[in-house]
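Participant: This is the structure, below, for whatever I ask next.
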Amino acid sequence: MAKTIAEINEKIKKGKAVVVTAEEINDIVREKGEKKAASEIDVVTTGTFGPMCSSSAYLNLGHSKPRIKIGGGRAYLNDVPVYTGIAAVDVYIGATAMPDDDPRNAVFPGAFRYGGGHVIEELVAGKDIRFSATSYGTDCYPKKSIETYINIKNINEAVLFNPRNSYQNYNVAVNLSDRIIYTYMGTLQPNLGNANYCSAGQLSPLLNDPYYRTIGIGTRIFLGGGVGYVAWNGTQHNPCVSRTKNGVPRVPAGTIAVIGNLKQMNPSLLRGTTLTGYGATLSVGIGIPIPILTEEILRFTTVKDEDIFTQVVDYSDAYPQGKPDTLGEVNYAQLRSGKITVQGKEIKTASLSSYVKAREIAETLKNWIKKGDFLLSEHVADLPSIESEITFKPMPSKSVKKV
Amino acid sequence: MYAKVVHLRFPREIVNEPIVMNLVKRFDLSCNILKATIYPRKEGMVVMELSGNRKNYHSGLKYLRNLGIKVDSISQDIKRNEEECFHCGACTAVCPTGALYIERPEMTVAFDKDKCSACELCVIACPAKAMEVNFDKGLLD
Ligand code: SF4
Ligand code: SF4
């Protein structure tokens, strides 16, 4: 029997909804069978926490006296440059931005101790952030420079807006070369010294709804410890990839763009992150509730680590050179066991995303829904799925005329 | 990036040698002087943090020793900042001694200090900057 989101919300309001996590659902289905579980369970919660570079925030700082037009000028938050190419006192900060004078990789491997992601974390933590800006001055905005402290509590808006989060599956990174390499997948020891992966597997939101039947534009989600929404598909959303029988992509596929009020988020779930030799970024915690509307939707949420396969990719050559080669396929049960075999060699695995935090997020969201603090939303438009004919385009390579 | 705190003792003849400038210029190292003293008999003592590329660090030390400076590295101690650690596990891939390991099925990351050799590989690999190096601060008093 099919349920509707409105019916589930009625149960949530009465405190009667049956909510379990994407880990717990597996035992329940094993015990009760799919049919019974689908009628009894209302919501399955998912979670993920890991570095997500396409993360950012925009702020409205309010107007100084006299006014300054920061738009079109230059501005910094704790020395990290922010984008000013919008209105007078709106600024946009990206997770990977670095202070102008940071040596980056000039002293290799760069430490990348403090970047945009760290500013976002400190902002959410309620710390004062040093703001400096210079501009050109106009008749209506005469001031040309400013230095002050801002605090999330007293700026007009602070909105987290992440153009690409929560990748549906991701590569496993290894290093075939004979030197250590520093990548966005972490430090990789030479000669297949270790294999790094980055997905919550069976707890990961888009792996529990592989065709995006319930997750769509307008879906209310857990974002950075607060409430947010799916705003759009994420950049590089690529649904038309090879999938296993259960619909799960074998390579990186779908992504979501998410948005939410930064003022109600939590710094322990929006963490400034350092990838030595690569850059600074933000680790983001996301949880998505999946309403069990049909038996099929339930079946998708029963996906287990051993059913989710991904590709092992060499980050010393194949990845940087954009070659499609992979070194084979492994599943998340193998990855989480601590070792996998690649080219006949047994190698240690490690994760960049936190399974512990992913589980915490799925638990927290479950409790919010159970207590009636979080209602589900009906999405207003679908994310492009396997019928979309989306193809993944490389950057065009054209020679540029020198003038 | 490689960084270590070293303790240097200078014979009186070379107290005037511009060693910091040379370390910076010739070996591309950064020097963060934590303590410096010249004793009454004119020999000098400096505690500083040297950082840069690993090869340059070793060439820099060689340069110092060739000048007759006595160089000791300060015993270091690795600590995990429990507030900062978000239990990803990235450090377990590089830890050569098994001091950092995953507890299954919880997937929490444990740190067994007794097994730690203070190699500092985890300090570089940790995305949360949770693995910290502490050196013997006694020397700075
Ligand atoms: S890499 Fe850092 S954050 Fe991750 S488990 Fe190790 S100490 Fe904790
Ligand atoms: S310093 Fe070396 S031995 Fe100690 S925990 Fe870190 S990686 Fe392991």
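Listed in order, the protein sequences are those of chains F and W.
Heads up: the first sequence begins at 1 in my numbering, then just goes up one per residue.
Heads up: the second sequence begins at 1001 in my numbering, then just goes up one per residue.
We treat Cβ as the ideally placed atom computed from N, Cα and C, and that holds for glycine.
1) Are V1071(W) and L1008(W) touching if we call contact CB-CB under 7 Å?
2) Chain F beta carbons: is any one of them nearer than 7 Å to that of K1129(W)?
3) Which residue's Cα is closest to the Cα of V258(F): G277(F), V159(F), G201(F), A358(F)?
4) Give a yes or no on contact between the segment 326-335 of chain F and the segment 354-371 of chain F, applying the rule of three or more CB pairs nearer than 8 Å.
5) Alpha carbon to alpha carbon, how far is A1003(W) from T1037(W)?
6) Might you give, ordered along the chain, the residues of its own chain that have their beta carbon closer than 7 Å to the beta carbon of T301(F), omitting 5 neighbours on each side?
7) If distances are taken between C-alpha atoms only, which option among G225(F), K3(F), K13(F), I5(F) comes closest to D373(F)?
8) Output yes or no for whether 7 Å exceeds the beta carbon distance between L282(F) and G47(F).
9) Taking 6 Å as the cut-off, is the beta-carbon of S1117(W) closer than that to any non-hydrogen atom of ligand 2?
10) According to DSSP, P1146(W) sits in a beta bridge with which residue or residues?
11) First and last residue of the alpha helix (DSSP H) that includes Q334(F)?
12) Please go through the same chain and pick out, in chain order, the residues whose beta-carbon is closer than 6 Å to the beta-carbon of Y184(F), but skip the five residues on each side of it.
13) Which residues bound the beta strand (DSSP E) around V1005(W)?
14) Against chain F, does I1078(W) count as a neighbour if the rule is that its beta carbon must be under 7 Å from one of theirs?
15) Mind checking which residues open and close the beta strand (DSSP E) that includes N1032(W)?
16) Does the distance from the C-beta atom of H63(F) to that of V89(F) stay below 7 Å?
17) Taking the alpha carbon of C1085(W) as the point to measure from, which residue in Y1101(W), C1031(W), A1130(W), S1117(W) has its own alpha carbon closest?
18) In chain order, what residues of the same chain have a beta carbon less than 8 Å from the beta carbon of H379(F), not counting five sequence neighbours either side?
19) Hey, does G186(F) have any beta-carbon neighbour from chain W nearer than 7 Å?
20) Hey, quick one: how far does the beta strand (DSSP E) through E23(F) stretch, first residue to last?
21) Measuring CA to CA, which of E387(F), C240(F), L61(F), I41(F) is closest to Q168(F)?
22) Report the three-state DSSP secondary structure of D307(F) (helix, strand or coil).
23) Are P1040(W) and A1090(W) close, meaning C-beta to C-beta below 7 Å?
24) Which ranges does the beta strand (DSSP E) cover as unbroken runs of at least 3 residues, wholly within the segment 223-271 of chain F, from first to last along the chain?
25) Of all Cβ atoms in chain F, is any one closer than 7 Å to the Cβ of V1005(W)?
26) Starting from T148(F), follow the beta strand (DSSP E) in both directions and report where the run begins and ends.
27) Note down the Cα distance separating I181(F) from N175(F), rounded to an integer number of angstroms.
28) Run through DSSP, which three-state label would V124(F) get?
29) From the DSSP output, which residues share a beta bridge with V44(F)?
30) Is the Cβ-Cβ distance between I288(F) and V19(F) less than 7 Å?
31) Closest Cβ-Cβ distance between N194(F) and chain W: below 7 Å?
32) Would P163(F) pass as a contact of S54(F) if the rule is Cβ separation under 7 Å?
33) Mark G265(F) as exposed unless 16 or more other C-beta atoms lie within 10 angstroms of its C-beta, in which case mark it buried.
34) State the start and end residues of the unbroken alpha helix (DSSP H) segment that holds A358(F).
35) Any idea if L2(F) is buried or exposed, counting beta-carbon neighbours within 10 angstroms, 16 or more meaning buried?
36) Restricting to Cα atoms, I'd like to know which of N9(F), G260(F), V312(F) is closest to I41(F).
Facilitator: So, from the data block:
1) Closer than 7 Å, so yes.
2) For K1129(W), at least one C-beta of chain F is nearer than 7 Å to its own C-beta.
3) Selection G277(F), V159(F), G201(F), A358(F) evaluated against V258(F) yields V159(F) as nearest (Cα-Cα).
4) No, the segment 326-335 of chain F is not in contact with the segment 354-371 of chain F.
5) Cα to Cα, the separation comes out at about 22 Å.
6) Correct list, in chain order: A22, I25, V44, N208, I290.
7) Between D373(F) and the set G225(F), K3(F), K13(F), I5(F), the nearest pair of CA atoms involves K13(F).
8) Not a contact, by the Cβ cut-off of 7 Å.
9) Taking the Cβ of S1117(W) as the reference point, at least one heavy atom of ligand 2 falls within a distance shorter than 6 Å.
10) Because residue 1146(W) is not part of the residues shown, which for chain W are 1001 to 1141, the question remains open.
11) Unbroken alpha helix (DSSP H) run through Q334(F): 332-337.
12) Hits under 6 Å: L275, Y278.
13) Where V1005(W) is concerned, the enclosing beta strand (DSSP E) stretches over 1002-1010.
14) Judged by the 7 Å Cβ criterion, I1078(W) is not in contact with chain F.
15) Per DSSP, the continuous beta strand (DSSP E) segment holding N1032(W) begins and ends at 1030-1038.
16) In terms of Cβ geometry, H63(F) and V89(F) form a close pair [threshold 7 Å].
17) Its Cα nearest to that of C1085(W), the residue A1130(W) stands out among Y1101(W), C1031(W), A1130(W), S1117(W).
18) Only T214, I215, G216, I217, G218, T219, V230 meet the Cβ criterion.
19) Interface residue, yes.
20) First-last for E23(F): undefined, no H or E at that position.
21) Put simply, of E387(F), C240(F), L61(F), I41(F) the residue whose alpha carbon is nearest the alpha carbon of Q168(F) is C240(F).
22) Correct three-state label for D307(F): helix.
23) P1040(W) is not a Cβ neighbour of A1090(W), given a cutoff of 7 Å.
24) As for any beta strand (DSSP E) of minimum length 3 sitting wholly inside the segment 223-271 of chain F, the runs are 226-233, 256-261, ordered along the chain.
25) No, no contact with chain F.
26) Membership of T148(F) in the beta strand (DSSP E) is indicated by the continuous run 145-150.
27) CA-CA distance, I181(F) to N175(F), rounds to 7 Å.
28) Of the three classes helix, strand and coil, the one that applies to V124(F) here is helix, per DSSP.
29) For V44(F), the pairing in a beta bridge is given by DSSP as V20(F), I290(F).
30) The answer is no: Cβ separation not under 7 Å.
31) At least one chain W Cβ lies under 7 Å of N194(F).
32) Taking 7 Å as the cut-off, the beta carbon of P163(F) is found closer than this to the beta carbon of S54(F).
33) This sequence places Met at residue 265(F); Gly is not what is there. Answer is buried; the Cβ neighbour count reaches 16.
34) Run containing A358(F): 355-371, per the alpha helix (DSSP H) assignment.
35) Just to set this straight, residue 2(F) is Ala in the shown sequence, not Leu. Looking at its Cβ environment, which holds fewer than 16 other Cβ atoms inside 10 Å, A2(F) is exposed.
36) Checking every option, the nearest Cα to that of I41(F) belongs to N9(F).
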